[in-house]
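Numbering (my numbering), first residue to last: 1 to 125.
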């Protein structure tokens, strides 16, 4: 899978783990967040500087949050690399009328209902 997807998951998990560590440290040692935060900030800077640069988006591409899976064995989440980007097609619709959009993908979609977001270009007539 493209490294930027995995990097996003690892960064999200690092922030989550750091938040829990700060809460535990403050509770266990009676320290305030003001004392524990500088060390946590330094650790997060190290995590961020080790991230790989995101690759350019070459269709098909796109991050699908519904594909995120939590892996208990490693205590982190991972995004499954199933892009749901469709070719761009211009559609003209009179204001107030309806339009139907569809997209065919080369993988199995879950049977439960899924919400899709469509992006629209501005400057309508």
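Even glycine gets a Cβ: it sits at the ideal position worked out from N, Cα and C. Everything numeric in this text was worked out from a predicted model, so none of it was measured.
Straight-line gap, residue i to residue j (C-alpha atoms, nearest Å)
{"i": "residue 102", "j": "residue 89", "result": "11 Å"}
{"i": "residue 11", "j": "residue 93", "result": "41 Å"}
{"i": "residue 47", "j": "residue 91", "result": "44 Å"}
{"i": "residue 98", "j": "residue 50", "result": "47 Å"}
{"i": "residue 28", "j": "residue 21", "result": "10 Å"}
{"i": "residue 38", "j": "residue 96", "result": "54 Å"}
{"i": "residue 34", "j": "residue 53", "result": "31 Å"}
Own chain residues within Cβ distance below 8 Å of residue i, not counting five before or after
{"i": "residue 44", "result": "14, 15 and 18"}
Beta-carbon separation (whole angstroms), residue i vs residue j, contact threshold 8 Å
{"i": "residue 41", "j": "residue 25", "result": "Not quite, the Cβ-Cβ distance comes to about 13 Å (not below 8 Å), so this is no contact."}
Three-way DSSP call (helix, strand, coil) for residue i in this model
{"i": "residue 9", "result": "helix"}
{"i": "residue 51", "result": "coil"}
{"i": "residue 37", "result": "helix"}
{"i": "residue 17", "result": "helix"}
{"i": "residue 44", "result": "helix"}
{"i": "residue 23", "result": "helix"}
{"i": "residue 28", "result": "helix"}
Test: residue i CB closer than 9 Å to a CB of chain C
{"i": "residue 11", "result": "As a matter of chain content, chain C is missing from the structure shown, which is built from one protein chain."}
Contact set for residue i: own chain, Cβ-Cβ below 7 Å, skip 5 residues either direction
{"i": "residue 23", "result": "none"}
Residues near residue i in its chain [Cβ-Cβ closer than 6 Å; skip 5 each side]
{"i": "residue 100", "result": "none"}
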